[in-house]
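Taken in order, these protein sequences are the chains called F and C.
Here the first sequence is numbered in our numbering, starting from 10 and rising by one per residue.
Here the second sequence is numbered in our numbering, starting from 2 and rising by one per residue.
Each residue gets a CB set at the ideal place from its N, CA and C atoms; glycine is no exception.
This report refers to the structure that appears directly beneath it.
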Amino acid sequence: MQSNLNKLENESIFIFRQAYRSIPNIALLWSLGKDSNVMIWLAFKAFLGKIPFPVVHVDTGKKFKEMYSFRDKYVKKWDLNLIKGSCPSIHKIDPSLPPAARSAARKTEGLRNIIKEKNFRGIIAGIRRDEQGTRAKERIFSPRTDSGTWDIKNQPPEFWDQSNFNYPKSVHVRIHPLLSWTEIDIWEYIKCEKIPVVDLYFSKNGKRYRSLGDEDITLPVESSAKNVDEVIEELKISKTSERSGRTMDHEEENVFERLRSKGYM
Amino acid sequence: MKNNKNLDVPRIVIVGHVDHGKSSFIGRLLYDIGEIQEEKYSELKKASQKRGNEFEFAFLLDALQDERDQGITIDTTRIFFKTKKRKYVFIDAPGHKEFIRNMITGAASADIAILIVDVNEGIKQQTKKHSYLLKLLGFEKVITLYNKMDKVGYSESKFLNIKSNLETFLSKIGIKSYSSIPISSRKGDNIVTLSKETEWYKGFSFIQVLDEYKIHENNKSEFIRFPVQDIYKLGDKRIIVGRIESGKIKSGTKLIFLPSNEIVNVKTLEVWPKAKKEYEVGACIGITLSDQIFVDKGNMASDIKAPPQLTNRFESRLFWLSKKKISFNKKYLMKINTGEYEVSINKIKKIIDVESLIEKKKTNVEKNDICEVVIHSSELIPMDDYTFNKSTSRFCLLDEKEIVAGGIVDIRNYPDQREYRDNLNQNIIPVNYAVSEIDRSIKYNHRPGIVWLTGLSGAGKSTIAKNVEKRLFQKNINVFSLDGDNLRIGLNKNLDFSPEDRTENIRRTAEVANLFTKAGFIVLVSLISPYRSERKKARDIRPEIFREIYIEASLEVCSKRDVKGLYAKAMKGEIKNFTGVSSPYEPPEMPNLVINTSKYSIEESVKKLETFILNEFSF
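Structure follows, in structure tokens:
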């Protein structure tokens, strides 16, 4: 394994173990995308083959059918303890948000409900700093109030692998083991470890998905990359951003920050 | 697997005073090397125009809405980029004084540090504070960028002037300037390519410097440190997991666990899906042990050759991050390695003004202060000194729900309380002292110590010791002088001057001195102790508080003085085995202090030793 992947892998394992040790009742968010599959793989490494907490799929009901069949196959194969969460209808969401962002905000609500229902104190999410500007500002262990809000201006310090875990019961902690990874790191790791991903990431009729969200608000990009190696080669020269196919990001300048401060991943 | 080194992705932190152009510099750099994605560029161009500016490179990093409106960086940001040679991650740390904790969060994980200074404004408060924090975080060198050269007409003298001031400051705090580059983020001078505007500059462009920069692994210590992160039970296996902080571990490696002091072998390595034969620094692994011993989270497994110290009292350099002032009456939670301990702060030694580097005239530690303190814990904590192992000697302090400080450990002057030597003879079980040594130290307000004066007969050992004893006693120090001659009257009556008996004489004297230290005393031992090997044995009893003082005077001077008339007798052959005459004297190779009594008067010699002792053993 390349030394930078090795370093990232070890950092992530350390974070997983630290979270499991320090936070009672945690769960891993499995969005069925490439990043969350890498997370599951890293959790196998951290806990030596058996993940000691549930994985949660917050289902908007609007994912691609390939994603649902992927889920059903690997729940069994990986012996996961899957919890399915559902999302409220669009009418219950802040109407001031632009349309695609409003649709994405359903997931925030769904997540909030399942956290409350199961009383989770920690949620492991596969966000990365290179995806989007406000995600770049995240902490590895990031506290959220019970309404799920992110206090961007008053984040706790985090250094030398030491974090604060002593929070009131009303707070849950978002745990971000992939924060330091980049898109290409993810693909190189998938290649190196032979981690399965949904076929939608690979080119069909000259197009592929670079990032997977709800079917109605996710667009494919022009690409001829038919397998992991070709994806890696493509990314080495690409000048478009990973989330360019996610319409919600581009509707208004600060929409992503607004979504995230309300509890979106 | 080949060329592993090139595949490392260095993490770069860029620090400096607010508005000296950190974010703009990164934005410019990324733009010039073609790393800005097209859609991001046009998105940001729109955002700049909305605020009535030309393209603002800083917006690229300052993605948060608030930052765009106020034009400052609030939190640390990461930006990924690659040059022809390798990939990098940029960490942009905020320069504003209010956001020191974010600067530390950013800088603590970096491999390369860049300090940026506005040549127009010169060195400012945060320039100095950030440099000082870099040093505390373990950096020994920085790349310095002199920004906004376009605003001073690319003046070489302006550049040299500020460079010389900055380098003077950096050298005072122990940081080297690896490379000094005059740049302009606005115009792009000397960032990717060398600029025509600064033909007087003979160095390289920033990118060239960066690509040539060699990353040194932070932790080069060869001794194993494996802090126990957790214990997993899988089937009938009890697996201890953790990250190797230094050294290498394989099956069969012998480890000592602290604080229990138990020594066991590694039986198997546990890694999913399959373990390699050996793991080294940075690896998160699991191990099983050959014998079942009690191991808990936070314990430290380490090399048996050089384990960490166990101590409950130590000094530290702290950076204070909280709005709440430091308090002596509070219990703080200290997190070091994977352990957590309740500690209290006993004393503030000094608060450092990072601008002048002298002590601040105040007694209260407030937000963003840097200070030296003495910390006390109710439990023994395994820890290394910062100069010995960087990764196992740094910690944070929590006050209930808040991280209030970070610090590094200085235990160079504190005794190791791990009395594993007693385990060597299983039949002698030492009685635990009801009053601990540390309790006594706190009461007497100084540490115990053995001050071992060696030198020829007549060099002045006893005279100096007697006078120093008197002066220290007047200063309320618990001090006692042990004199070779006096000991021979009682305890060592049965010993003569043969090599064997001299050895025994030294052993007994050292053990007596040791007992006195347990009672909290500073013991002055005046003993010719001619052999290096024997003095080393004495030192080994309590090396952490043993100080060897060489009272130097030539044989000629001593025999001329001949206060006791012994040299005259020895020359005539009336005394056998007389050191210097009929028996050898081996001068110390590395004494802690040398006092040459043929150069200094008694008064001067006494003063020297007194000052030395006060420095070494006071809190």
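Residues near residue i in its chain [Cβ-Cβ closer than 6 Å; skip 5 each side]
i, result
"F/Thr69", "Cys96, Arg115, Lys116, Asp223"
"C/Thr623", "Only positions 2 to 620 of chain C appear in this structure, which leaves residue 623 of chain C out of reach."
"C/Asn300", "Val229, Phe258"
"F/Leu120", "Val67"
"C/Leu473", "Val480"
"C/Tyr155", "Glu198, Thr199"
As assigned by DSSP and simplified to three states, the class of residue i
i, result
"C/Thr364", "coil"
"C/Leu138", "coil"
"C/Ala276", "coil"
"C/Leu235", "strand"
"C/Cys559", "helix"
"C/Val355", "coil"
"C/Cys397", "strand"
"C/Phe315", "strand"
"C/Gly485", "helix"
"C/Ser43", "helix"
"F/Cys201", "helix"
"C/Pro11", "coil"
Short CB-CB distance (under 7 Å) between residue i and chain C
i, result
"F/Pro166", "yes"
"F/Leu228", "no"
"F/Leu57", "yes"
"F/Arg121", "no"
"F/Lys54", "yes"
"F/Phe23", "yes"
"F/Asn175", "yes"
Neighbourhood of residue i by C-beta distance below 7 Å, restricted to the same chain and skipping five residues each side
i, result
"C/Val564", "Gly459"
"C/Ala111", "Arg12, Ile13, Val14, Ile92"
"F/Asn122", "Gly94"
Residue interval of the alpha helix (DSSP H) (run including residue i)
i, result
"F/Val240", "237-246"
"F/Val264", "264-270"
"C/Leu161", "157-174"
"F/Arg153", "Note, F/Arg153: premise wrong, no alpha helix (DSSP H); beta strand (DSSP E) at 150-153."
"C/Phe618", "603-618"
"C/Met335", "Counting along the chain, C/Met335 falls outside any alpha helix (DSSP H), though it belongs to the beta strand (DSSP E) covering 333-337."
heavy atom of the ligand GTP below 6 Å from residue i C-beta
i, result
"C/Val558", "In the structure shown, the ligand GTP is absent, as is every other ligand, since no ligand is present at all."
Residue i, enclosing beta strand (DSSP E) - first and last residue
i, result
"C/Val375", "371-384"
"C/Ala406", "403-411"
"F/Asp68", "64-68"
"C/Ile441", "Note that residue 441 of chain C is Arg in the sequence shown, not Ile. Looking at the DSSP string, C/Arg441 is not in any beta strand (DSSP E); the run it does join, the alpha helix (DSSP H), is 438-445."
"C/Phe224", "Counting along the chain, C/Phe224 falls outside any beta strand (DSSP E), and DSSP gives it neither H nor E."
"C/Trp453", "450-455"
"C/Pro588", "Per DSSP, C/Pro588 belongs to no beta strand (DSSP E) and is neither H nor E."
"F/Pro37", "The residue asked about is misnamed: residue 37 of chain F is Leu in this sequence, not Pro. 35-38 is the span of the beta strand (DSSP E), which, as asked, contains F/Leu37."
Proximity test, Cβ basis, 7 Å: residue i and chain F
i, result
"C/Asp231", "yes"
"C/Phe318", "In the sequence as presented, Phe is not what sits at residue 318 of chain C; that position holds Arg. Cβ-Cβ to chain F under 7 Å: no for C/Arg318."
"C/Thr84", "no"
"C/Ile105", "yes"
"C/Val513", "no"
Cut-off 8 Å between Cβ atoms - residues of its own chain near residue i, not counting five sequence neighbours on either side
i, result
"C/Lys351", "Glu360, Lys361, Cys372, Glu373"
"C/Lys277", "Leu270"
"C/Lys268", "Ser252, Ile288, Thr289, Leu290, Ser291"
"C/Trp201", "Glu157"
"C/Ser619", "Asn446, His447, Arg448"
"F/Glu197", "Gln11, Leu14, Ile241"
Is there contact between the region 554-565 of chain C and the region 524-534 of chain C, where contact requires at least three CB pairs shorter than 8 Å? Judged by Cβ distances under 8 Å, the region 554-565 of chain C makes no contact with the region 524-534 of chain C, as fewer than three pairs qualify.
Closer than 8 Å is the cut-off here; do at least three beta carbon pairs connect the region 135-154 of chain F with the region 164-174 of chain F? Because the criterion of three Cβ pairs below 8 Å is met, the region 135-154 of chain F and the region 164-174 of chain F touch.
Tell me whether the region 125-134 of chain F and the region 97-116 of chain F touch, counting them as touching only if at least three CB pairs, one residue from each stretch, are closer than 8 Å. No, they do not touch.
Check whether the region 286-304 of chain C and the region 318-329 of chain C are in contact - that is, three or more C-beta pairs closer than 8 Å. As far as the Cβ criterion goes, the region 286-304 of chain C does not touch the region 318-329 of chain C, which means the pair count is below three.
Inter-stretch contact (C-beta, 8 Å, three-pair minimum) for the region 101-111 of chain F and the region 29-43 of chain F: No, the region 101-111 of chain F does not touch the region 29-43 of chain F.
Cβ pair count under 8 Å reaching 3, the region 49-66 of chain F against the region 229-239 of chain F: With a cut-off of 8 Å, the region 229-239 of chain F and the region 49-66 of chain F do not count as touching, because too few Cβ pairs lie within range.
Pairing CB atoms from the region 135-145 of chain F with CB atoms from the region 58-78 of chain F, are three or more of them under 8 Å? Taking 8 Å as the limit for Cβ pairs, the verdict is that the region 58-78 of chain F does not touch the region 135-145 of chain F.
Three-pair Cβ contact test at 8 Å for the region 438-457 of chain C versus the region 541-558 of chain C: Yes: at least three Cβ pairs fall under 8 Å.
Could you check whether the region 375-393 of chain C touches the region 335-347 of chain C, counting it as contact only if at least three pairs of C-beta atoms, one from each stretch, sit closer than 8 Å? Yes, the region 375-393 of chain C touches the region 335-347 of chain C.
Segment contact, 8 Å Cβ cut-off, at least three pairs: the region 45-52 of chain C with the region 148-159 of chain C: The region 45-52 of chain C vs the region 148-159 of chain C: no contact.
With contact counted as at least three CB pairs below 8 Å, one residue from each stretch, are the region 481-489 of chain C and the region 593-612 of chain C in contact? A contact between stretches requires three or more CB pairs, one per stretch, nearer than 8 Å, and the region 481-489 of chain C fails this requirement with the region 593-612 of chain C.
Tell me whether the region 28-36 of chain F and the region 208-223 of chain F touch, counting them as touching only if at least three CB pairs, one residue from each stretch, are closer than 8 Å. Because the criterion of three Cβ pairs below 8 Å is not met, the region 28-36 of chain F and the region 208-223 of chain F do not touch.
Pair every Cβ in the region 532-545 of chain C with every Cβ in the region 499-515 of chain C, then say whether three or more of these pairs are closer than 8 Å. Look at the beta carbons and you see the region 532-545 of chain C touching the region 499-515 of chain C: at least three pairs across the two are nearer than 8 Å.
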